[in-house]
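Novice: Quick note, the sequences are listed as chains A and B, same order. Its first residue numbered 2, the first sequence is counted upward by one per residue in this note's numbering. Its first residue numbered 3, the second sequence is counted upward by one per residue in this note's numbering. The beta-carbon is built from N, C-alpha and C at its ideal position, and this holds for glycine as well. Source: prediction; values computed, not measured.
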Amino acid sequence: MTARRFVLALALAALASAAQVFAHHGGAAFDQSQTKTFVGTVTELQFANPHVLVFFDAKTTDGAVEQWSGWLTAPTKLARAGWTKKTLVPGDRIEVTGTPHKGGSHILQIRKLIAPDGKELPLFEN
Amino acid sequence: MRQDLIRGTVATAATLALAWGYLAQPHVVAAQGRGRAAGPAPAAKPSAPAPVRDLTGVWMKGRAPQGVPTFDGSTWTPGIQPPLTPLGLAEKAKNKPNNSGEFQLHETNDPVLTKCYPPGVPRVYFHPYPFEFIQTAKAVLQVFEYDHFMRRMWTDGRPIPTDPDPLWMGTSVGRWLNDATLEVVTVGFNEKTWIDRAGAPHSDQLKVTERFRRVNFDQLEVDVTMEDSKMLAKPWTAKGYFDLRPGWELGEISCSGDYLEWPGA
């Protein structure tokens with residue numbers, strides 16, 4: 002099994018097991034009892050269907066760099082909230098707060114996102 | 003490894019997306035303090051009167067008046083089982099919905115989640131995206147953001163077909179009951195779709211009647227009546243409420259691609 006397939010299998014297995022709870026309670030694949038906040042550097046913004054994904058590097062307390070991703074709602078909804086595919090670009094320094102995935106993957110359901118200019122980005126259409 | 007991370011994360015998010023429709027339902031989002039929900043409405047600003055025989059605009063599922071049941075989550079009448087016939091019950095037992103949380107994603111046989119089948123009418127309303135009404139001389143077009151589905155509701159006086167071809171979204175004929183209410187009857191469905199997200203079945207005898215009533219400029223009420231002599235012992239009725247979104251434009255939500263990248267697809 003290649004590394005790519007292994008990562009894919011792990012992610013899908015984690016979500017398959019979490020999906021039932023997720024469907025029951027909405028967002029329950031993520032641990033709603035806690036949030037994590039990172040100051041990170043954007044490596045990629047995927048402004049694509051079905052979900053917008055923010056990839057970023059975050060330093061741990063011991064100085065190591067971890068690769069994380071955060072998922073947002075659909076691009077159409079974010080577009081109506083004012084986003085474009087260039088709202089975040091690689092190198093942007095952001096502050097991300099989200100609920101972590103229960104499976105332990107470096108994936109967040111983003112709840113708050115501070116742009117490089119210090120302003121909070123809208124996460125839902127109004 | 004970078005690409006692995008991306009692909010793994012994309013696949014994960016895509017898997018989540020299958021349940022996202024539920025998460026993004028207004029009641030769930032509202033539970034997170036970010037959206038709209040049933041319950042006491044804030045002081046409503048006065049709305050202009052409804053225009054005459056005009057539903058034009060972008061509409062999004064909105065708030066039901068307090069105490070009034072509305073379709074929500076995964077079914078038309080939350081907390082109340084659909085009035086299924088014995089055959090309907092037997093067919094429903096074969097269905098393994100995920101949106102109502104009964105089955106895991108790798109177990110579900112939901113035709114939308116596993117095959118990207120069109121959701122059909124009236125299930126299409128459960129997708130948490132807006133739709134737009136466009137009116138022409140011959141028809142009212144209902145365009146859905148989700149997967150670009152479009153219904154042509156013929157308003158040119160043609161009769162409801164008696165032997166329609168089986169279609170995903172059926173054949174729709176509309177007529178104005180008064181200056182604010184459009185009644186649309188839809189028949190001629192194939193049997194590949196469910197009528198809600200909880201696995202309620204229908205047959206080719208399904209007839210859906212929608213009464214769109216624009217109560218004022220900004221609000222639309224919809225009465226939905228589902229009749230099916232094979233699957234429903236009596237008509238299944240429900241209500242929906244939609245708000246006009248003047249500043250919105252429909253974008254692209256496609257079911258293809260990432261939506262299918264999960265086990266069992």
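Taking C-beta pairs closer than 8 Å, name the residues in chain E that residue 77(A) reaches, listed in chain order.
Specialist: The structure shown contains no chain E; its protein chains are A and B.
Novice: From this set, 176(B), 190(B), 253(B) and 202(B), which residue's C-alpha is nearest residue 137(B)'s C-alpha?
Specialist: Residue mapping note: residue 137(B) aligns to position 135 of the second sequence, counting from 1. The option with the nearest alpha carbon to residue 137(B) is 176(B).
Novice: In the DSSP assignment, find the alpha helix (DSSP H) that holds residue 81(A) and state where it starts and stops.
Specialist: For the purposes of this step, residue 81(A) is taken as residue 80 along the first sequence, with counting starting at 1. Counting along the chain, the alpha helix (DSSP H) containing residue 81(A) begins and ends at 76–81.
Novice: Okay, do the stretch 69–87 of chain B and the stretch 198–217 of chain B touch, 3+ Cβ pairs below 8 Å being the bar?
Specialist: The answer is yes - the stretch 198–217 of chain B touches the stretch 69–87 of chain B, with three or more Cβ pairs under 8 Å.
Novice: Mapping the DSSP letters down to three states, classify residue 59(A) as helix, strand or coil.
Specialist: For the purposes of this step, residue 59(A) is taken as residue 58 along the first sequence, with counting starting at 1. Here residue 59(A) sits in strand by DSSP.
Novice: For residue 206(B) and residue 98(B), what's the separation of their Cα atoms in angstroms?
Specialist: As a working mapping, residue 206(B) is identified with position 204 in the second sequence. As a working mapping, residue 98(B) is identified with position 96 in the second sequence. Approximately 20 Å between the Cα atoms of the pair.
Novice: Within a Cβ cutoff of 6 Å, which residues of the same chain sit near residue 1(A), ignoring the five residues on either side of it in sequence?
Specialist: The requested residue 1(A) is not part of the displayed model; chain A covers only 2 to 127.
Novice: Do the stretch 89–98 of chain B and the stretch 244–251 of chain B make contact, defined as three or more Cβ pairs closer than 8 Å?
Specialist: The stretch 89–98 of chain B vs the stretch 244–251 of chain B: no contact.
Novice: Could you tell me which whole beta strand (DSSP E) segments of length 3 or greater appear in the stretch 112–145 of chain B?
Specialist: As far as the stretch 112–145 of chain B is concerned, its whole beta strand (DSSP E) runs of at least 3 residues are 133–137.
Novice: Pair every Cβ in the stretch 186–193 of chain B with every Cβ in the stretch 167–174 of chain B, then say whether three or more of these pairs are closer than 8 Å.
Specialist: Output reads yes: the stretch 167–174 of chain B touches the stretch 186–193 of chain B.
Novice: Hey, does residue 80(A) have any beta-carbon neighbour from chain B nearer than 8 Å?
Specialist: In the first sequence, the residue the question calls residue 80(A) occupies position 79. At least one chain B Cβ lies under 8 Å of residue 80(A).
Novice: Do residue 124(B) and residue 147(B) count as a contact pair if the criterion is CB distance below 8 Å?
Specialist: Locating residue 147(B) in the second sequence gives position 145, where the first residue counts as 1. Locating residue 124(B) in the second sequence gives position 122, where the first residue counts as 1. No, the Cβ-Cβ distance between residue 147(B) and residue 124(B) is not below 8 Å.
Novice: Please identify the residue among 235(B), 120(B) and 81(B) whose C-alpha is closest to the C-alpha of residue 256(B).
Specialist: For the purposes of this step, residue 256(B) is taken as residue 254 along the second sequence, with counting starting at 1. Out of 235(B), 120(B) and 81(B), 120(B) has the C-alpha closest to the C-alpha of residue 256(B).
Novice: Would a C-beta distance cut-off of 8 Å place residue 126(A) and residue 86(A) closer than the cut-off?
Specialist: Here residue 126(A) refers to the residue found at position 125 when the first sequence is read from its first residue. Here residue 86(A) refers to the residue found at position 85 when the first sequence is read from its first residue. Their beta carbons are not under 8 Å apart, which means residue 126(A) does not touch residue 86(A) by this criterion.
Novice: Is residue 142(B) near residue 184(B), with beta carbons less than 8 Å apart?
Specialist: By 1-based counting over the second sequence, the position of residue 142(B) is 140. By 1-based counting over the second sequence, the position of residue 184(B) is 182. Contact: yes.
Novice: In angstroms with no decimal places, state the Cα-to-Cα distance between residue 88(A) and residue 88(B).
Specialist: For this step, residue 88(A) is matched to residue 87 along the first sequence. For this step, residue 88(B) is matched to residue 86 along the second sequence. Distance between the alpha carbons of residue 88(A) and residue 88(B): 54 Å.
Novice: Throw me the rounded Cβ distance for the residue 76(A) and residue 57(A) pair, which I believe falls under 8 Å.
Specialist: Here the question's residue 76(A) lines up with position 75 in the first sequence. Here the question's residue 57(A) lines up with position 56 in the first sequence. At roughly 18 Å, the Cβ-Cβ gap does not stay under 8 Å, so residue 76(A) and residue 57(A) are not in contact.
Novice: I'd like to confirm the pairing. Which residues does DSSP put opposite residue 221(B) in its beta bridges?
Specialist: Stepping through the second sequence from its first residue, residue 221(B) is reached at position 219. Partner(s): 245(B).
Novice: Have a look at 118(A), 32(A) and 33(A) and flag the residue whose alpha-carbon is nearest the alpha-carbon of residue 90(A).
Specialist: Stepping through the first sequence from its first residue, residue 90(A) is reached at position 89. When each option's Cα is compared against that of residue 90(A), the closest is 118(A).
Novice: Which of the three DSSP states, helix, strand or coil, is assigned to residue 232(B)?
Specialist: By one-based count along the second sequence, residue 232(B) stands at place 230. Residue state, collapsed to three classes: coil.
Novice: Would you kindly report the start and end of the unbroken alpha helix (DSSP H) that includes residue 93(B)?
Specialist: For the purposes of this step, residue 93(B) is taken as residue 91 along the second sequence, with counting starting at 1. It spans 88–96 - the alpha helix (DSSP H) in which residue 93(B) sits, taken as one unbroken run.
Novice: Tell me whether the beta-carbon of residue 105(A) lies closer than 8 Å to the beta-carbon of residue 69(A).
Specialist: Translated into the one-based positions of the first sequence, residue 105(A) becomes position 104. Translated into the one-based positions of the first sequence, residue 69(A) becomes position 68. In this structure, residue 69(A) does not lie closer than 8 Å to residue 105(A) by Cβ.
Novice: Which first and last residues belong to the beta strand (DSSP E) in which residue 176(B) is found?
Specialist: Residue mapping note: residue 176(B) aligns to position 174 of the second sequence, counting from 1. Segment 173–180, the beta strand (DSSP E) holding residue 176(B).
Novice: Give the DSSP-derived three-state secondary structure of residue 250(B) in the structure shown.
Specialist: Here the question's residue 250(B) lines up with position 248 in the second sequence. Three-state result, residue 250(B): coil.
Novice: Whole angstroms are fine: how far does the CA of residue 33(A) sit from the CA of residue 23(A)?
Specialist: As a position in the first sequence, residue 23(A) is number 22, starting the count at 1. As a position in the first sequence, residue 33(A) is number 32, starting the count at 1. For residue 23(A), the predicted structure reports a pLDDT of 33, less than 50, and the residue's modelled location is therefore unreliable. The matter cannot be settled from this model.
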